[in-house]
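Asker:
Protein chains: 2
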Amino acid sequence: MDTTTQTASIDTRQTNPGVELDLPKIQPLVQPELDTEVAGLLASTRYPRHALGRVESLLQQMARIQHAPGQAFAGIALDQPQLLVFAADHGIVDEGVSAFAQETSRQRVEEVLLGVAPVNTLVRLHGFDLTLVDAGLAQRLDRPSGTDEDVALLPRKIGHGTRNMVLGPAMPLRQAIAALQAGMDVVRHLPGRVLAIGDIGVGSTACAALLLSRLCGVPLPDACGRDQEQSGGLDSLRRQHRLEKLQLAAARHRKAVTPLDALAAMGGFEIAMQAGAMLQAASERRVVLVDGFVAGAAALVARGLCPAVSDYLVFGHRSTEPGHRLLLIHMQAQPLLDMELRVGQGVGALMAWPLLQAAQALLPIQRQVT
Amino acid sequence: MDTTTQTASIDTRQTNPGVELDLPKIQPLVQPELDTEVAGLLASTRYPRHALGRVESLLQQMARIQHAPGQAFAGIALDQPQLLVFAADHGIVDEGVSAFAQETSRQRVEEVLLGVAPVNTLVRLHGFDLTLVDAGLAQRLDRPSGTDEDVALLPRKIGHGTRNMVLGPAMPLRQAIAALQAGMDVVRHLPGRVLAIGDIGVGSTACAALLLSRLCGVPLPDACGRDQEQSGGLDSLRRQHRLEKLQLAAARHRKAVTPLDALAAMGGFEIAMQAGAMLQAASERRVVLVDGFVAGAAALVARGLCPAVSDYLVFGHRSTEPGHRLLLIHMQAQPLLDMELRVGQGVGALMAWPLLQAAQALLPIQRQVT
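Line by line, the protein sequences give chains A and B. Under this note's numbering, the residue at position 239 of the first sequence is numbered 233, and the numbers go up by one with no gaps. Under this note's numbering, the residue at position 204 of the second sequence is numbered 198, and the numbers go up by one with no gaps.
1. Are the beta-carbon atoms belonging to A:A291 and A:L174 less than 8 Å from one another?
2. When the cut-off is 8 Å and only beta carbons count, does B:T199 lie next to chain A?
3. Could you give the C-beta distance for A:A129 and A:A82, rounded to a whole number, given that I count them as a contact under 8 Å?
4. Cα separation between B:E14 and B:K249?
5. Please report the distance separating the alpha-carbon of A:D285 from that of A:G262.
6. Return the CA-CA distance between B:C218 and B:L240, expressed in angstroms with no decimal places.
7. Use the C-beta contact count for A:T30: other C-beta atoms within 10 angstroms, 16 or more gives buried, fewer gives exposed.
8. In the structure shown, what three-state DSSP assignment does A:V363 receive?
9. For A:L356, count neighbouring Cβ atoms within 10 angstroms of its own Cβ and tell me buried if that reaches 16, exposed if not.
10. If you reduce the DSSP assignment to three classes, tell me which class B:Q60 lands in.
11. Taking one C-beta from the segment 324 to 332 of chain B and one from the segment 20 to 39 of chain B each time, how about it: are there three or more such pairs within less than 8 Å?
12. Leaving out five residues on either side along the sequence, give the residues of the same chain with a beta carbon under 6 Å from the beta carbon of A:Q96.
13. Under 9 Å between beta-carbons, which chain B residues line up against A:M345? List them in chain order, please.
14. Suppose only complete runs of 4+ residues qualify. What are the alpha helix (DSSP H) ranges in the segment 141 to 185 of chain A, listed by chain order?
15. Per DSSP, which residues does B:F80 bridge with? Please list them.
16. DSSP on A:H311, reduced to helix/strand/coil?
17. If you check the beta carbons only, do B:Q339 and B:A111 fall under 8 Å apart?
18. For B:I20, does the count of other Cβ atoms within 10 angstroms reach 16, so buried, or fall short, so exposed?
19. Tell me, please, whether the segment 288 to 302 of chain B touches the segment 311 to 330 of chain B by the rule of three or more beta-carbon pairs shorter than 8 Å.
20. Is it the case that the segment 154 to 161 of chain B contacts the segment 40 to 50 of chain B, given that we only count it when at least three CB pairs across the two stretches are under 8 Å?
21. Quick check on A:V337 - is its C-beta less than 8 Å from some C-beta in chain B?
22. So which residues on chain A does B:Q101 lean against when the C-beta distance must stay under 8 Å?
23. Taking only beta-carbon atoms, is A:E143 less than 8 Å away from chain B?
24. In the DSSP assignment, find the unbroken beta strand (DSSP E) run with B:E105 in it and report its ends.
25. CB B:A343 to CB A:M345, shorter than 8 Å?
26. Strictly under 8 Å for the Cβ-Cβ distance: is A:P316 near chain B by that measure?
27. Looking at the strands, I want to know which residues DSSP matches up with A:L119.
28. If we ignore side chains and look at the alpha-carbon of each, how far apart do A:E238 and B:M272 end up?
29. Take the Cβ of A:D371 as the centre, count every other Cβ of all protein chains shown within 10 Å, and call the residue buried at 16 or more, exposed below.
30. Along the segment 257 to 276 of chain B, what residues have a CB closer than 7 Å to any CB found in chain A?
31. Using the beta-carbon of each residue, which ones in chain A are nearer than 7 Å to B:M165?
32. Decide if B:A370 is buried, meaning its Cβ has at least 16 other Cβ atoms within 10 Å, or exposed.
33. According to DSSP, simplified to helix, strand and coil, what is A:W347?
34. Could you compute how far the alpha carbon of A:L77 sits from the alpha carbon of A:A62?
35. Using a Cβ-Cβ cutoff of less than 6 Å, which residues in the same chain neighbour A:A172 once the five nearest sequence positions on both sides are dropped?
36. Just to confirm, are B:V79 and B:I265 a CB contact at a threshold of 8 Å?
Right under this line is the structure:
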């Protein structure tokens, strides 16, 4: 079994003395016997084959994730679902690549802490625990008064926002590694078998577009969106300006081709932490419910570091960000929802959550009627 | 206000003495002031325009449905949600157009009454009331012992299955009208502001394909599905056989071009009742959550009888039935989910339900943060 476990210790010491990244071990999910067992539970003479369609593939995936080979199948466990929201700022906002001022990141975070953001509504509706992680907001983050005690706040600030990547790398390699490891660490202390992951941070979709372009070979204009499509909440003139700035950044960091180097050069603290969280969650056999474009870019980085992580990812939705569609195609992923959201925070992941619940509930019933 | 209300009394007496169909009055939903009010509640300086995407259009639609012009807007009411499942048999099954024997319809219905069908799981998960209507099963339907007391059973049998429509009309016009009126009647006695509608009945997708073809001008092979696609749970040889039989039926009833005539000639009792239920629910300003291909065909008929009904329909999902995609395009509808279901019973409608809940929950929060 251990022979198939994907693990890696990426040695960065040659170029960066003293910097080494230890990745958790992730088991690739190939369990044909379990697949047969679940398919047997789902089969019914009363309905066409695969009557429950994608609910069946979702069940298969969740079963594979939660049951190690050799373990008896005992259904899907969805108790104590967790949402992690990572917040950070991006130096590239200085170049005018977003419709929002950097200050907006902290305001959005404060709304989450106050319990009045869209994601709080869904957290309450679906019974999630919400942990907000300050991965690197530019400003100091204090809990506002009247704060929602149900929201846990974890200060894991790697820096006060990344640097402007048009001028240099967004972060030094050691910060990228520190952020990845902080993400892993945060997950280690959470209960539950399902982890939803989302993010907050003005300018983050610019990073996501750059990472998509670099790691998947997607032309940058496609990753940013052409034509009438909106990206970053901008009109066509500012979109053109944004594309030019991102092209400058991509050219400057043309040598950053590995996932780790690309992450450091063009990523963000919250992207690095999300990637770390995904890797750790997968190594612990948790179902990872991925939110939107930025979380998707973190998934790309995580996959680059350890391909087996993909088996553990459930993509909650496809957002309106044009690059998100391409990213999902490159991840060979079919998202559960397509609600044209552009809100972040894990809202899309939480909207998809009831489908996991429905899938779980439909399994034992199928057993009875077969 | 009354001047814009769409209503109709379809006079069928010329060709069918004594047969007249009284349709309920349905208000077309044009409420620009309400739209502005809801948009105002959703607007936020912190997020891009339309950050909540299709959740916003869903909210707009539900608001329009539940608030008559002039009424103050007071949020969306989703309490006491109802699921109506209409069951019936189809004489055309004699021609071998389904992978399942007619007997399967009653078995599926009994599973629902026993509380062990997939839809029961979702009814319990989402707190729906479930009413099963025997619209015209071929066999006598008794409540099986050990029945689920939470499932209401309404005997409204119009006939013991329709007739084989290759040999003649599926039902006489007076039965089509009786079924439509029974559907209206059933809704009149239900509480709640949201009504989900689904169906059970072997052979029903054949009727749906014929109605789609006739009422929308879709070529029958497209309505049935070509190539690798499955329809009616059949392999390619039997699919060809099925298409030939449906072409015979379509040719025989080539003069049945009005919605009512097409319904009688090529529809089913459960389709007629679903259409009636949709019309009545719309006239009472209920949100109508439509299940799959067969319920969609009922929506086509209902729209043919009273176009304003479309404003009240929320399409829960797109099934794997190839015709369903075309039907939704013709209804200019974007379904909430695309889970590749082929199970019927209202399962797809109930899977989509949490999105209505999420939309409802997201509205007041938006008001606070704006």
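Heads up, the beta-carbon is just placed ideally off N, CA and C, and yes, glycines get one too.
Answerer: Here's the rundown:
1. For this step, residue 291 of chain A is matched to residue 297 along the first sequence. For this step, residue 174 of chain A is matched to residue 180 along the first sequence. For A:A291 and A:L174, no; Cβs fall outside 8 Å.
2. Within the second sequence, residue 199 of chain B is the residue found at index 205, counting from 1. Closer than 8 Å: no.
3. Within the first sequence, numbered from 1, the residue matching residue 129 of chain A stands at position 135. Within the first sequence, numbered from 1, the residue matching residue 82 of chain A stands at position 88. Yes, they are in contact, since the Cβ atoms of A:A129 and A:A82 sit about 4 Å apart, within 8 Å.
4. Locating residue 14 of chain B in the second sequence gives position 20, where the first residue counts as 1. Locating residue 249 of chain B in the second sequence gives position 255, where the first residue counts as 1. Cα-Cα distance, rounded: 20 Å.
5. Counting from 1 along the first sequence, the entry for residue 285 of chain A is found at position 291. Counting from 1 along the first sequence, the entry for residue 262 of chain A is found at position 268. The straight-line gap from Cα to Cα measures roughly 16 Å.
6. Start at 1 with the first residue of the second sequence, and residue 218 of chain B comes out as number 224. Start at 1 with the first residue of the second sequence, and residue 240 of chain B comes out as number 246. B:C218 and B:L240: Cα-Cα distance of roughly 9 Å.
7. The sequence position of residue 30 of chain A within the first sequence is 36, counting from 1. Exposed, because fewer than 16 other Cβ atoms sit within 10 Å of the Cβ of A:T30.
8. For the purposes of this step, residue 363 of chain A is taken as residue 369 along the first sequence, with counting starting at 1. Annotation note: pLDDT 37 at A:V363 (below 50); position unreliable, coordinate value reported separately. In the structure shown, A:V363 sits in a helix (DSSP, three-state: H, G or I).
9. Stepping through the first sequence from its first residue, residue 356 of chain A is reached at position 362. By the neighbour-count rule (16 or more Cβ atoms within 10 Å), A:L356 is buried.
10. The residue labelled residue 60 of chain B in the question sits at position 66 within the second sequence. DSSP places B:Q60 in helix when its eight states are reduced to three.
11. These segments do not touch.
12. As a first step, residue 96 of chain A is located in the first sequence; it is residue number 102 there, counting from the start. The residues are D83, V87, A132, V196.
13. The sequence position of residue 345 of chain A within the first sequence is 351, counting from 1. In chain order: V49, P348, L349, A352.
14. DSSP runs (the alpha helix (DSSP H)) wholly in the segment 141 to 185 of chain A: 167 to 182.
15. On the second sequence, position 86 is the one that residue 80 of chain B refers to. Its beta-bridge partners are B:V127, B:D193.
16. Against the first sequence, residue 311 of chain A aligns to sequence position 317. In the structure shown, A:H311 sits in a strand (DSSP, three-state: E or B).
17. Residue numbering aside, residue 339 of chain B sits at position 345 when the second sequence is read from its first letter. Residue numbering aside, residue 111 of chain B sits at position 117 when the second sequence is read from its first letter. Yes, the pair counts as a contact, with Cβ atoms nearer than the cut-off.
18. As a working mapping, residue 20 of chain B is identified with position 26 in the second sequence. Buried, by the Cβ-count rule.
19. Between the segment 288 to 302 of chain B and the segment 311 to 330 of chain B there are three or more inter-stretch CB-CB distances shorter than 8 Å, so the stretches are counted as touching.
20. no
21. The count along the first sequence starts at 1 and reaches residue 337 of chain A at position 343. Chain B, which has a Cβ nearer than 8 Å to the Cβ of A:V337, makes this yes.
22. Here the question's residue 101 of chain B lines up with position 107 in the second sequence. Within chain A, the residues near B:Q101 are R40.
23. For the purposes of this step, residue 143 of chain A is identified with residue 149 of the first sequence, where counting begins at 1. So, not an interface residue.
24. Looking up residue 105 of chain B in the second sequence gives position 111. Counting along the chain, no beta strand (DSSP E) covers B:E105; the unbroken alpha helix (DSSP H) around it starts and ends at 97 to 108.
25. Walking along the second sequence from the start, residue 343 of chain B turns up at place 349. Walking along the first sequence from the start, residue 345 of chain A turns up at place 351. Taking 8 Å as the Cβ cut-off, B:A343 and A:M345 do not qualify as a contacting pair.
26. Along the first sequence, read from residue 1 onward, the residue named residue 316 of chain A stands at position 322. A:P316 does not count as touching chain B.
27. Counted from its first residue, the first sequence places residue 119 of chain A at position 125. Per DSSP, none; premise fails for A:L119.
28. The residue you call residue 238 of chain A lines up with position 244 of the first sequence. The residue you call residue 272 of chain B lines up with position 278 of the second sequence. Going from the Cα of A:E238 to the Cα of B:M272 covers about 52 Å.
29. The first residue shown for chain A is -5 and the last is 364, placing residue 371 of chain A beyond what the model contains.
30. none
31. The residue you call residue 165 of chain B lines up with position 171 of the second sequence. Result: empty, since nearest Cβ-Cβ is about 26 Å, beyond 7 Å.
32. Residue 370 of chain B lies beyond the stretch modelled for chain B, which goes from -5 to 364, so this question has no answer here.
33. The count along the first sequence starts at 1 and reaches residue 347 of chain A at position 353. A:W347: helix per DSSP, three-state reduction.
34. For the purposes of this step, residue 77 of chain A is identified with residue 83 of the first sequence, where counting begins at 1. For the purposes of this step, residue 62 of chain A is identified with residue 68 of the first sequence, where counting begins at 1. Each residue's Cα considered, the two are about 24 Å apart.
35. As a working note, residue 172 of chain A is residue 178 in the first sequence. Within its own chain, the residues whose Cβ lies closer than 6 Å to the Cβ of A:A172, once the five positions on either side in sequence are excluded, are I152, listed in chain order.
36. The residue you call residue 79 of chain B lines up with position 85 of the second sequence. The residue you call residue 265 of chain B lines up with position 271 of the second sequence. Not a contact, by the Cβ cut-off of 8 Å.
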